[in-house]
Amino acid sequence: MPSAALKFPAEIFALVFPDDCRVCGAPLKEISRVPVCRKCLAEPAPLEAEHFCVCCRTAFANAFPLDETGRCGLCRLGVNRFDAVYSFGAYDGTLRKLIHLFKYGRIRTLAAPLGRLLALTLAAGETFDAVVPMPLHWWRRWRRGFNQSELLAREVARRCGLEVTPAVRRVRATATQAGLSNSRRRKNVAGAFEVRRPDAVRGLRVALVDDVLTTGATANACAAALKRAGARRVTVLTLARVDRRSAADLSGGVSG
Ligand SMILES: [Zn+2]
Ligand SMILES: [Zn+2]
0 MPSAALKFPA EIFALVFPDD CRVCGAPLKE ISRVPVCRKC LAEPAPLEAE
50 HFCVCCRTAF ANAFPLDETG RCGLCRLGVN RFDAVYSFGA YDGTLRKLIH
100 LFKYGRIRTL AAPLGRLLAL TLAAGETFDA VVPMPLHWWR RWRRGFNQSE
150 LLAREVARRC GLEVTPAVRR VRATATQAGL SNSRRRKNVA GAFEVRRPDA
200 VRGLRVALVD DVLTTGATAN ACAAALKRAG ARRVTVLTLA RVDRRSAADL
250 SGGVSG
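Sequential numbering from 0 applies to the sequence shown in numbering that gives the first Met the number 0.
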């Protein structure tokens, strides 16, 4: 069996030294559990906007959609049940590729570097009593093997000196949100969430963690459930958000 004996170390070698960066394709020179090069991991930049809603922080190309208090139409109408939203970056470019690798490529080790980017939203200075991940329906979680929001929430919780509190359950599997209009998305997710541990959120300031914010419909439905269960304040923290100023592509398996 000389060939098998010679092949074995080569396979081990391949495990320790993954060949190319999964984002840019450059050969990886360092031993790492993350198959992405340093340059690509350092590339995502914070979302910058001159005009944004003071409540949901949606970025606008100009100040026209904002009223004198700085709120957008949806927040002015009271449609949004969350109190604030903070996102690290725009859902495009390298950040989008990293999120796809994490979720659909199931590269769990990206949770740590992506969680560190998410934790930068804590610089907004809010204080939290509970960190709640956006739940996945059990079927989707089972197929993926993990809930990406739960892994991301760990970094936020750690920095707040808290444990992750999986207080919310998805009681209804919702059709994918991609390709639906804003109002259809809101109908699609209405009633999809149930707080299974009201005692874990009652009277508390909750950080609701998700990977991507598209229209905010999913975050809004989950925030509504948390408010009904007695949460005092719900702040949504996401790694990325669709920046509608650039007419970003809404497809690609975004869940809401
Ligand atoms: Zn790279
Ligand atoms: Zn708003």
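We put the beta carbon where it would ideally sit given N, CA and C, even for glycine.
Because the structure is a prediction, the values reported are computed rather than measured.
Of all residues in the structure, which have a C-beta closer than 6 Å to any heavy atom of ligand 1, taken in chain order?
Cys20, Val22, Cys23, Ala25, Val35, Cys36, Lys38 and Cys39
Environment of Phe81 [buried if 16+ CB atoms lie within 10 Å]
buried
Cβ-heavy atom distance between Thr237 and ligand 2 below 6 Å?
no
Using 7 Å as the threshold, is the C-beta distance between Ala206 and Leu238 below it?
no
Do you know how far the Cα of Arg140 is from the Cα of Cys39?
27 Å
Mind checking Ile30: buried by the 16 CB within 10 Å criterion, or exposed?
exposed
I'd like the list of long-range same chain contacts for Asn181, defined as Cβ closer than 6 Å, with 5 residues on each side in sequence excluded.
Thr214
Beta-carbon separation of Leu117 and Leu150 under 7 Å?
no
Any non-hydrogen atom of ligand 3 within 6 Å of Thr108 CB:
Here the bound small molecules are ligand 1 and ligand 2; ligand 3 is not part of this structure.
For Arg227, which residues in the same chain have their Cβ closer than 8 Å to its Cβ, ignoring the five residues on either side in sequence?
Val194
Buried versus exposed, by CB contacts within 10 Å (16 or more), Phe192
buried
Report the partner residues of Arg193 according to the DSSP bridge assignment.
Here residue 193 turns out to be Glu, not Arg, going by the sequence shown. Answer by DSSP bridge pairing, in chain order: Arg168.
Classify Ala62: buried if its beta carbon has 16 or more other beta carbons within 10 angstroms, exposed otherwise.
exposed
Just confirm the distance between the C-beta atoms of Leu19 and Ala25, as a whole number of angstroms; I'd bet it's less than 8 Å.
Just to set this straight, residue 19 is Asp in the shown sequence, not Leu. Contact flag correct, Cβ pair sits at about 7 Å.
Considering only their Cβ atoms, is the gap separating Val241 from Tyr103 smaller than 7 Å?
no
Considering only heavy atoms of ligand 2, list every residue whose Cβ is less than 6 Å from one of them, following chain order.
Cys52, Cys54, Cys55, Thr57, Arg70, Cys71, Leu73 and Cys74
What span of residues does the beta strand (DSSP E) with Ser86 cover, start to end?
Ala83 to Ala89
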